[in-house]
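Following: one structure in structure tokens, then a few remarks.
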Amino acid sequence: MDPVITAYVRDPNSFTLEFYLQHGGYEALRKALATTPGQVIDTVKASGLRGRGGAGFPTGMKWQFVPKDSPKPKYICCNADESEPGTFKDHVIMERYPHLLLEGCAIGCYAIGAKVAYIYIRGEFFHVQEVLEFAVQEAYARGYLGKNIFGSGFDCEVFIHRGAGAYEAGEESALLESLEGKRAQPRLRPPFPAVVGLYGCPTAINNVETLANVPLILAKGADWFAAVGPEKNTGPKLYCISGHVKRPGVYETAMNVTLRELIYDYAGGIRDGHQLKAVIPGGSSTPVLLPDQIDAPASFDGLAKAGSMLGSAGTIVMDETTCMVWAAENLLHFYRHESCGKCTPCREGTDWLFKVLRRIERGEGRAADLGLLTNVSNNIAGKTLCPFGDAAVAPVLGTIAKFGAEYEAHIREGKCPLPADWRLS
Ligand SMILES: Cc1cc2nc3c(=O)[nH]c(=O)nc-3n(C[C@H](O)[C@H](O)[C@H](O)COP(=O)(O)O)c2cc1C
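Counting from 1 along the sequence shown, just add 595 to a position and that's the residue number in our numbering.
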């Protein structure tokens, strides 16, 4: 399919309001304001849009959960933390086509009865912040944000908030804590944010790509969106492809694309002279797949069926020079550092996992280490307040399941079995 979300991102002026207006910008908001909030939610529901932040939850349903009769203010929080290793799609939208996101935020606010949207951006996104703030100023100046938009009586404020740089701040309840000025640690649920969210008020938290799809749905219709890709996996999708491919990057297509097509057609295939060894399909938190599994559709349901997840669509490709124990150690180095520390299994367990992986990789592994890694992982997964724990153990359990022999060889031989000159190539 031809790109829709990223159709114009290569144009040097794509970030300006002028450019956006020339390409139909803010017409979807005008259209939405001519209907009722309930009709907007129905349209989003009919499109089948599922959240692009990781869990794939239906967006229209999430908006419907926000109580309409609450006397409290309501909020949209756009999750622009984008910190999952292998994931780098949202910043493309924000840097190159920011008004699409702002329009999505405004439509989302109208749908749930909010007047304020916060865009929570990753701590390291200095440039993104500048572009977004410029876009917000332009939108206010021309009346697309602010009071009485299009004379409809609808008011909408958008604030950009840059975090301090923590992966956990992307977890939705930790994001709310951080926005409130506290440490980014998760909340106990229920209550869910739709009912008790930001400042204790009803809140919908949506990913950048999710909200960017909303103006397209309003402009082109729910039927158009629902016809893109397979049933229950509808709409255009951004894929981030990194690792040992010839053309890493962000690619937009429909979700009937297979991992094979993403790797070989879009990203140009594996670098010359090498073969595919493993693919992490949806960001570092999703279980690794083998080369004989890449004919799976890169959709929510297709990857779940293959035993992994679409997650944040961060496809990490590894060739035969990659030591899978090293890959797991590398990721656990990240998770151990990023664990927010609130839940003991995650705080202590990620550190233990990292230490055991490191000693195996250095050739100092013990016979009992594989059992120990599995035991520690099973004592983290499902035992934490947020899914960080499950995310952190996926690289460990996934590589043990698929590359157990490589772990055993490290322990048996007292060294990495891969040729020394392949290391970190
Ligand atoms: C540790 C952790 C980090 C996360 N980071 C992000 C993130 O950076 N961006 C994002 O949209 N969702 C992230 N999520 C998922 C959010 O909690 C939430 O499901 C998502 O923002 C909902 O938006 P959606 O329904 O549009 O997908 C993260 C989840 C976890 C457990």
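Glycine included, each C-beta is placed from N, C-alpha and C at the ideal position.
The model shown is predicted, which means the values in this text are computed figures rather than measured ones.
Anticipated Cβ contact below 8 Å, residue i with residue j, distance rounded
i: A893; j: P876; result: 6 Å
i: Y705; j: V803; result: Incorrect: roughly 18 Å between the Cβ atoms, too far for contact.
i: Y713; j: Y762; result: Going by Cβ atoms, the distance from Y713 to Y762 rounds to 19 Å, so no, they are not a contact pair.
i: F998; j: M919; result: 4 Å
i: R645; j: T654; result: 7 Å
i: H1005; j: P1012; result: 7 Å
i: T848; j: K832; result: 7 Å
i: T590; j: A891; result: This structure cannot speak to residue 590, because the chain is shown only from 596 to 1020.
i: I865; j: V883; result: The Cβ separation is near 16 Å, so there is no contact.
i: A976; j: A817; result: 37 Å between Cβ atoms; not a contact.
i: V687; j: V604; result: 6 Å
i: D676; j: A730; result: Going by Cβ atoms, the distance from D676 to A730 rounds to 19 Å, so no, they are not a contact pair.
i: L740; j: E752; result: 7 Å
Option in the options with minimal Cα separation from residue i
i: S879; options: E1008, H722, D985; result: D985
i: P982; options: C918, V951, T881; result: T881
i: L612; options: P693, E933, K997; result: P693
i: G1009; options: N608, E959, A923; result: E959
i: L926; options: G864, L992, G936, E915; result: L992
i: G776; options: A759, V840, E924; result: A759
i: T873; options: T798, I995, P786; result: A small correction: the amino acid at residue 873 is Ala; Thr does not occupy that position in the sequence shown. Measuring from the Cα of A873, the nearest candidate turns out to be I995.
i: G748; options: K710, Y715, E943, P781; result: K710
i: S934; options: K742, N973, A769, G863; result: A769
i: H932; options: A779, G824, M596, T945; result: T945
i: D606; options: A641, D964, E725, R691; result: R691
i: I716; options: F754, F729, G681; result: F754
i: K657; options: P666, K667, T601, G643; result: G643
i: S665; options: F820, H756, E725, P797; result: P797
i: S678; options: N974, F652, Q659, E719; result: E719
i: G619; options: F729, R757, D750, L813; result: L813
i: R961; options: E772, I865, R1007; result: R1007
i: C938; options: A922, L980, A901; result: L980
i: K626; options: L740, R784, K815; result: K815
i: E725; options: W1017, R757, L695; result: R757
i: R957; options: W947, K978, N970, W921; result: W921
i: F895; options: M904, P598, R784; result: M904
i: V599; options: G746, F820, I889, K667; result: F820
i: E924; options: A901, R953, L857; result: R953
i: R855; options: G868, G651, G897; result: G897
i: T601; options: G746, L811, T682; result: L811
i: R784; options: G795, L774, I858; result: G795
i: M689; options: F652, C751, F721; result: F721
i: E1003; options: I955, D867, W1017; result: I955
i: R647; options: D685, L616, Y621, P668; result: D685
Close Cβ partners of residue i (< 7 Å) along its chain, the five nearest in sequence each way excluded
i: K663; result: G708
i: H928; result: F949
i: S1020; result: Bear in mind that a pLDDT of 48 at S1020, under 50, signals an unreliable position, so the number given afterwards is only what the model happens to contain. So the qualifying residues of the chain are T916.
i: G1052; result: Here the chain has residues from 596 to 1020 only, and residue 1052 is not among them.
i: P843; result: I836, S837, A862
i: V951; result: D964, L967, L968
Sequence-distant residues of its chain with Cβ nearer than 6 Å to residue i (five each side left out)
i: L624; result: E698, A701, I702
i: Y846; result: Y834, Y861
i: S972; result: V988, V991, L992
i: N851; result: G824, P825, P892
i: G649; result: G906, S907
i: P886; result: L871
i: F660; result: A789
i: I800; result: C672, N674, E767, P788
i: P786; result: none
Own chain residues within Cβ distance below 8 Å of residue i, not counting five before or after
i: G936; result: Q780, R942
i: P680; result: G878, S879, G909, I911, L926, F929
i: N974; result: P940, G944
i: E728; result: I755
i: G902; result: P882, L884, Q888
i: H869; result: H839, D914, E915, T916
Looking at C-beta atoms only, is the number of pairs between the segment 782-795 and the segment 629-638 that lie closer than 8 Å three or more?
-> no
Sufficient close CB pairs (3 or more, under 8 Å) joining the segment 807-819 to the segment 685-702 = Flag = yes, the segment 807-819 and the segment 685-702 touch.
Evaluate the contact criterion for the segment 603-622 versus the segment 728-744: three or more CB pairs, one atom per stretch, below 8 Å.
-> yes
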